[in-house]
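Below is one structure, written out as structure tokens; comments come after it.
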Amino acid sequence: MLDFNYKQLDTSTNFLTVGAGALWADIIPYLDKYNRSVYVMQTNNSFTVGGSVSANCHGWQPNTQPIASTVESFRLINANGELLTCSRYENQQLFSLVLGGYGLFGIILDLKLKTVPNELYKCKQYIINSSDYVNEFLRVTTDKNVRMAYGRININPQNFMNESIISTFVIDTNIKKEDISKTSFTKLRRTVFRSSVNSNYGKNLRWRAEKITARLISKKVFSRNQLLNESVEVFQNTDPRYTDILHEYFIPKDSVNQFIELLKTVIPKYDVDLLNITVRNVMKDESTF
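In the working numbering, the protein residues as written are 1310 to 1598.
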């Protein structure tokens, strides 16, 4: 599907029509020319838009539903070779089945997606106890000016899962575009991340580096597109002798502390080489079957 990668922004409605094979890595720069941005997507830009909506991924846009909520309509080729338009008003049941349907109901040809302004944000970070994570996250994201947010939990065995960092990105209308931070430290971050594999020393060094970085980038300025436009290759394992496995757990907020306490026991017991814990919040999906 990679050849189906056309992109067309309707500047009167700000809907983006895009081929299902287009990569987010191509979509974000395209929208940037119009000072628009993606509404919801996963953290990295290495995937296709068709794959993302087929998995109904969520992002680090706080208090939002998964990506299906941003889909206005799409065109689908079904098993009979028919080309169908699906939306909340046309072929509604198929619309709800295809979003998050992993390709079981046909091939998505192209989609019409909502977009948002490419805003400028200042970064704010908070180092907290993990037991306070939910309350602190809810406190710092009640501000409607917080447009992006995520958390990380310490995986260093010496202080395992007792400390967390919450990162928020807050819109500031007084920022000028020339204030945007230029450096992403991509190579350095990859080196630090991969050095923590099978190394308690590396994990300890990485957490110390993350806390130092938290202080360094506090109040730095980023555009929304700059934050979204990073490839998964920054963290990807390239050693053929090992496989990294990503798990996602969807946990009601009232159960988060209990889940963390159980992980403190389960992970060391089975000698898991845990590389990262990222925490996001996602609202209930109202779009899909």
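Glycine included, C-beta positions come from ideal geometry on N, C-alpha and C. These numbers come from a predicted model, not from an experiment.
- For Ala1458, the secondary structure class from DSSP, reduced to helix, strand or coil, is strand.
- Taking the C-beta atoms as reference points, Met1592 is found no nearer than 9 Å to Asn1444.
- Measuring C-alpha to C-alpha distances from Val1575 to each of Ile1474, Phe1313 and Met1470 identifies Met1470 as the nearest.
- Counting the other Cβ atoms within 10 Å of the Cβ of Ala1377 gives 16 or more, which makes it buried.
- Restricting attention to Leu1311, Thr1597 and Tyr1442, the CA atom closest to the CA of Ala1329 is found in Leu1311.
- It is roughly 25 Å from the alpha-carbon of Val1449 to the alpha-carbon of Glu1539.
- A check of alpha carbon separations from Gly1412 across Asn1427, Glu1428, Met1350 and Val1362 identifies Val1362 as the nearest.
- In the structure shown, Lys1593 falls within a coil segment according to DSSP collapsed to helix, strand and coil.
- Spanning the alpha carbons of Arg1533 and Asp1335 requires a straight line of approximately 15 Å.
- Here DSSP, grouped into helix, strand and coil, assigns Val1443 to helix.
- The beta carbon of Leu1408 is closer than 7 Å to those of Val1362, Asn1365, Ala1377, Val1380, Ser1596 and Thr1597 in its chain, skipping five residues each way along the sequence.
- By the Cβ criterion, the region 1417-1435 is in contact with the region 1318-1325, since at least three pairs of Cβ atoms, one from each stretch, lie closer than 8 Å.
- DSSP, read as helix, strand or coil, puts Phe1404 in helix.
- The Cβ atoms of Ile1416 and Ile1386 sit closer than 9 Å to each other.
- Put simply, the backbone Cα of Lys1573 is about 23 Å away from that of Thr1552.
- Residue state for Tyr1579 is assigned as coil, using DSSP reduced to three classes.
- Proximity to Asp1548 across Lys1453, Gly1460, Val1358 and Val1506 peaks at Val1506, based on C-alpha coordinates.
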